[in-house]
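2 protein chains.
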Amino acid sequence: MAKSGTPGKVTAGGTARSAQTRRALVEAAIETLKDEGFAGTSARAISERAGLNQALIFYHFGSVVNLLLAALDSVSNDRMVKFSAAINNVSSPTDLTNIAAQIFRDDLDSGHVTVLAEMIAGASSVEGLGVEVATRLSPWFTFAEEAIEKSFGDSPLASLLPSSDVAYVIVALYLGFEMLTHLDGNREPALRIFGHAQQLVTLLGAFSAFMPPRATT
Amino acid sequence: MAKSGTPGKVTAGGTARSAQTRRALVEAAIETLKDEGFAGTSARAISERAGLNQALIFYHFGSVVNLLLAALDSVSNDRMVKFSAAINNVSSPTDLTNIAAQIFRDDLDSGHVTVLAEMIAGASSVEGLGVEVATRLSPWFTFAEEAIEKSFGDSPLASLLPSSDVAYVIVALYLGFEMLTHLDGNREPALRIFGHAQQLVTLLGAFSAFMPPRATT
DNA sequence: GTCTATACTTGGATAGAC
DNA sequence: GTCTATCCAAGTATAGAC
Chain A
2 MAKSGTPGKV TAGGTARSAQ TRRALVEAAI ETLKDEGFAG TSARAISERA GLNQALIFYH
62 FGSVVNLLLA ALDSVSNDRM VKFSAAINNV SSPTDLTNIA AQIFRDDLDS GHVTVLAEMI
122 AGASSVEGLG VEVATRLSPW FTFAEEAIEK SFGDSPLASL LPSSDVAYVI VALYLGFEML
182 THLDGNREPA LRIFGHAQQL VTLLGAFSAF MPPRATT
Chain B
2 MAKSGTPGKV TAGGTARSAQ TRRALVEAAI ETLKDEGFAG TSARAISERA GLNQALIFYH
62 FGSVVNLLLA ALDSVSNDRM VKFSAAINNV SSPTDLTNIA AQIFRDDLDS GHVTVLAEMI
122 AGASSVEGLG VEVATRLSPW FTFAEEAIEK SFGDSPLASL LPSSDVAYVI VALYLGFEML
182 THLDGNREPA LRIFGHAQQL VTLLGAFSAF MPPRATT
């Protein structure tokens, strides 16, 4: 992307002030994406929110899109850290749905999934952005898959569906809930449905007692 | 909206040529939304695709956003007509999943859900657009709910979840699948999962034989 | 109703002073 | 590393000729 040797890289070293500026810009980019959407997230809108000069975006990131990708990296990493910490306390399906509901509520309120959704939707408008976003999305799948394996792996339910497909459904639902919730500002349906999911898992768990145990390949 | 008495209304009468121009613009807006996303759908991009003059957008629709809403109306109506026709042949859960899979494949390929997803995501960027999009989305919920009632209403499964919540999940999944599929251009996971859903419904149907019948309120 | 031409605004990006 | 100033492209929207 950035010309060789320029400070365009996200990981570029430099003074402490540099790092602080970059962080401020990334933070402002995230907030702008949440509030104004992809189409409303211009260099001017971001810099104004950060209280910094517009030219700094191009100095530090080379382009607006690069800054947006850095913003996506940031929220994605934050989510993974939070997720990973939570999942260590998980070993049963019930655990998983409980923790998932809690994290989901957190994400809805903080707007982190909004950033992802806006970047996915905005990817159609910028050549080459799609693959970059897809790359940053793939950890979400593997994380979800691991969580499912860890909590459902011993259950006969695991033989019903490949965990990679379940992970795909979870991520899709996460995105869909986010979009609907964001559109009308009403998070109740999504949260209520998470409650249903917990009951369903319990119910399926009861059924699974009558199913043959999972084949150990 | 448009000033009073101006031809901004979608339903405005006028010459046959007028109607044709409006249709061409709406069609071009749909295609542009699919190919370029919300942020890339400018008056210039639309008019160029339609082979018409850019000023016609403002003459006929008053603003670009109004044209986009007309485009959303158009795909939304088309979908509803198609859905409604399909659902008349449906009476069992198995019927529903079969038809749903078929329609879903159709929608993925035709890109109609893309239009919806881009409009939802883009709504964040334009003041007041959110409520307009939400209004046009509500028929999708009621339709899904009716379809569920019609096919699951007699099943004991219906007592597990309110059909309005199931409808919410379906719409969310539709959106989520669309975004993921659009991002990486690979529709296989989503289609495969529809296959799983059919098996699950069959399985649940078997289980439901052991459940108490639905209370007739 | 449609086109050309144009006014005005916003956005991405760079040069150069500090 | 940051700011001011500026260029240029693209966007919305309107006026007026046809």
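Protein chains in written order, with the numbering used here: chain A, 2 to 218; chain B, 2 to 218. Where is the CB? At the ideal position from N, CA and C, for every residue including glycine.
Bounds of the alpha helix (DSSP H) holding Phe208 of chain B are Glu189 to Ser209.
Here the C-alpha atom of Ala46 of chain B lies approximately 13 Å from the C-alpha atom of Leu68 of chain B. Closest by C-alpha distance to Pro163 of chain B, out of A:Ser93, A:Ser77, A:Ser19 and A:Gly196, is A:Gly196. By the Cβ test, the region 153-172 of chain A is in contact with the region 186-202 of chain B, since at least three Cβ pairs between them sit closer than 8 Å.
Distance from the Cα of Gly38 of chain B is smallest, within the candidate group B:Leu204, B:Met180 and B:Leu201, for B:Met180. Against chain B, a Cβ distance below 8 Å from Ala118 of chain A picks out Ala122 and Met180. Taken through DSSP and simplified to helix, strand or coil, Val76 of chain B comes out as helix.
Chain-ordered, the chain A residues with CB closer than 9 Å to the CB of Phe39 of chain B read Gly38, Phe39, Ala40, Ala122, Gly123, Ser125 and Ser126.
In the three-state reduction of the DSSP assignment, Gly52 of chain A falls in the coil class, being assigned neither a helical nor a strand state.
Chain-ordered listing is empty here: chain A has no CB closer than 7 Å to the CB of Gly206 of chain B, the nearest sitting near 13 Å. With a 10 Å radius around the Cβ and a threshold of 16 neighbouring Cβ atoms, Glu128 of chain A comes out exposed. With a threshold of 16 other beta carbon atoms within 10 Å, Phe211 of chain A falls short and is exposed. For Ser139 of chain A, the enclosing alpha helix (DSSP H) stretches over residues Leu130 to Phe153.
With respect to the 8 Å criterion, Ala122 of chain A and Ala122 of chain B are classified as neighbours on the basis of their beta carbons. Membership of Gly123 of chain B in the alpha helix (DSSP H) is indicated by the continuous run His113 to Gly123. For Val167 of chain A, the uninterrupted alpha helix (DSSP H) segment begins and ends at Ser164 to Asp185. A distance below 6 Å between beta-carbons, with the five flanking residues on each side excluded, links Ser156 of chain B to the following residues of its chain, in chain order: Ser209. Residues of chain B whose Cβ lies closer than 9 Å to the Cβ of His61 of chain A do not exist, since the nearest Cβ in that chain is about 23 Å away. Ser92 of chain B is classed as exposed because its beta carbon has fewer than 16 other beta carbons within 10 Å across all chains shown.
Closer than 8 Å to the CB of Pro190 of chain B there is at least one CB belonging to chain A. Under the 10 Å beta carbon count, Ser139 of chain B is surrounded by fewer than 16 other beta carbons and is classified as exposed. The count of Cβ pairs closer than 8 Å, one atom from the region 92-104 of chain B and one from the region 48-64 of chain B, stays below three, leaving the stretches out of contact. For Gly154 of chain A, the closest of A:Ser111, A:Gly112, A:Ser125 and A:Pro94 by C-alpha to C-alpha distance is A:Pro94. Taking each of A:Leu109, A:Asn78, A:Asp79 and A:Val82 in turn and checking the Cα distance to Leu176 of chain A, the smallest one comes out for A:Leu109.
Residues of chain B with a Cβ closer than 8 Å to the Cβ of His113 of chain A do not exist, since the nearest Cβ in that chain sits about 15 Å away. When the beta-carbon positions are compared, Leu34 of chain A and Thr115 of chain A come within less than 8 Å of each other.
Contact annotation, Ala118 of chain B with Val134 of chain B: C-beta distance approximately 11 Å; criterion of less than 8 Å not satisfied.
The C-beta distance from Leu130 of chain A to Val66 of chain A rounds to 6 Å, short enough to meet the 8 Å contact threshold. Interface flag for Leu97 of chain A against chain B is unset, since no Cβ pair is found closer than 8 Å.
Distance between Ala71 of chain A and Leu174 of chain A, taken at the CA atoms: about 24 Å. In this structure, A:Met81 is the residue among A:Met81, A:Ala44 and A:Gly206 with its C-alpha nearest to the C-alpha of Ala148 of chain A. For the pair Ser126 of chain B and Gly41 of chain A, the CB atoms are nearer than the 8 Å cut-off. Around the beta-carbon of Arg24 of chain B, fewer than 16 other beta-carbon atoms lie within 10 Å, marking it exposed.
Sixteen is the threshold: since fewer than 16 other Cβ atoms of the shown chains lie within 10 Å of the Cβ of Val132 of chain A, the residue is exposed.
Below the 9 Å Cβ cutoff, chain A contributes no neighbours of Asp108 of chain B, its closest Cβ being approximately 14 Å away. Rounded to whole angstroms, the separation of the alpha carbons of Ala86 of chain A and Arg50 of chain B is 50 Å.
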